[in-house]
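Trainee: With my numbering applied, the sequence shown corresponds to residues -10 to 179, in that order.
Here a beta-carbon is modelled for each residue, glycine too, at the ideal position from N, C-alpha and C.
Owing to the predicted nature of the structure, the values given are computational and were not obtained by experimental measurement.
First, the structure itself, so that you have it in front of you.
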Amino acid sequence: METELHLRQLMLLIQSLELLWKDRQDFYAFGNLTIYYSPNQRKSEYFRGPDFFVVLGVARKPRKSWVVCEEEGKYPHVIIEILSDSTAETDRGLKKEIYQETFRTPNYFWFDPNSLEFKGFQLMVGKYEEIAANEQGWLWSQQLELFLGIHDSQLRFFTPEGKLVPTPEEVAEKMARKLQDLGIDWRDLT
């Protein structure tokens, strides 16, 4: 893990997507997990550890790693790299090339939590084309059917209607405020 900002960003992406898709059992979303993609089915060669990735059409269950040959040959549908001084060059170059040429990942994004640099790419006829931002500066993920955009200096998900996808903490805070408005102290409920 690069920095505290990296960890907080990864947790935010994982938790908010899992909350939004709480009723779905057909995806896997996680971060800082190794993806093994050796054509020889060996874990000792050909592996990458994207910061955050989502695979669609698979069982939602815990995994120790993502092993492509054990997952019906499925690669991530979406990858997000969190840039840092030590990884930015690789994320923009080598990793982008691997995700385009080998993984064939339809949506690739990168985000720098310090400079707020944010770019996204859609795989079109085998090559990444930059995704154009909407009026809010958000980028559409065709795979997730969600926008990604910067909110309070963090990369966040937004619904097609433009609503911020909340984190579990934000949902709990909203409920606590509603209870408070009703004259109920949430601490009395525990």
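Tell me whether the beta-carbon of P155 lies closer than 8 Å to the beta-carbon of L22.
Mentor: In this structure, L22 does not lie closer than 8 Å to P155 by Cβ.
Trainee: Relative to the C-alpha of S75, which residue among K50, D101, S142 and Q89 is closest?
Mentor: S75 has its Cα closest to that of D101, out of K50, D101, S142 and Q89.
Trainee: Should I173 be labelled buried (16 or more other beta-carbon atoms within 10 Å of its own) or exposed?
Mentor: Answer is exposed; the Cβ neighbour count stays below 16.
Trainee: Round the Cβ separation of W127 and L137 to the nearest angstrom and send it over; I've been treating them as touching at under 8 Å.
Mentor: Right, the Cβ-Cβ distance comes to about 6 Å (below 8 Å), so this counts as a contact.
Trainee: Using the DSSP secondary-structure output, state which residues sit across from R37 in a beta bridge.
Mentor: DSSP, once it has assigned bridges, lists I24 as partnering R37.
Trainee: Cβ atoms of F146 and S5: under 8 Å apart, would you say?
Mentor: Yes, they are a contact pair.
Trainee: Could you give the distance in angstroms between the alpha-carbon of V57 and the alpha-carbon of Y26?
Mentor: Using only the alpha carbons, I get a separation of about 5 Å.
Trainee: Start and end of the beta strand (DSSP E) containing Q111?
Mentor: Residues F107 to M113.
Trainee: Out of T91, Y17 and D170, state which residue places its alpha-carbon closest to the alpha-carbon of P51.
Mentor: Checking every option, the nearest Cα to that of P51 belongs to Y17.
Trainee: Straight-line CA distance for T79 to F41?
Mentor: Spanning the two alpha carbons is a distance of roughly 15 Å.
Trainee: Helix, strand or coil for S130? Go by DSSP, reduced to three states.
Mentor: Strand, per DSSP.
Trainee: Could you compute how far the alpha carbon of G62 sits from the alpha carbon of A165?
Mentor: Their Cα atoms are separated by approximately 44 Å.
Trainee: Going by DSSP in three states, L2 sits in which element: helix, strand or coil?
Mentor: In the structure shown, L2 sits in a helix (DSSP, three-state: H, G or I).
Trainee: Taking the straight line between their C-alpha atoms, what separation do you get for Y64 and L153?
Mentor: Rounded to the nearest angstrom, the two C-alpha atoms are 27 Å apart.
Trainee: Return the first residue and the last residue of the beta strand (DSSP E) that E119 is part of.
Mentor: Run containing E119: K116 to E119, per the beta strand (DSSP E) assignment.
Trainee: Report the rounded CA-to-CA distance for G109 versus E34, giving the unit in angstroms.
Mentor: Going by the C-alpha atoms only, they are around 28 Å apart.
Trainee: What is the residue span of the beta strand (DSSP E) that L83 lies within?
Mentor: It is not in any beta strand (DSSP E) - L83 instead sits in the alpha helix (DSSP H) that spans L83 to I87.
Trainee: Spell out the partners DSSP gives F147 in its beta bridges.
Mentor: BP columns for F147 point to F136 and L153.
Trainee: Just curious, the beta strand (DSSP E) that V67 is in, first and last residue?
Mentor: Here the beta strand (DSSP E) through V67 covers V67 to I71.
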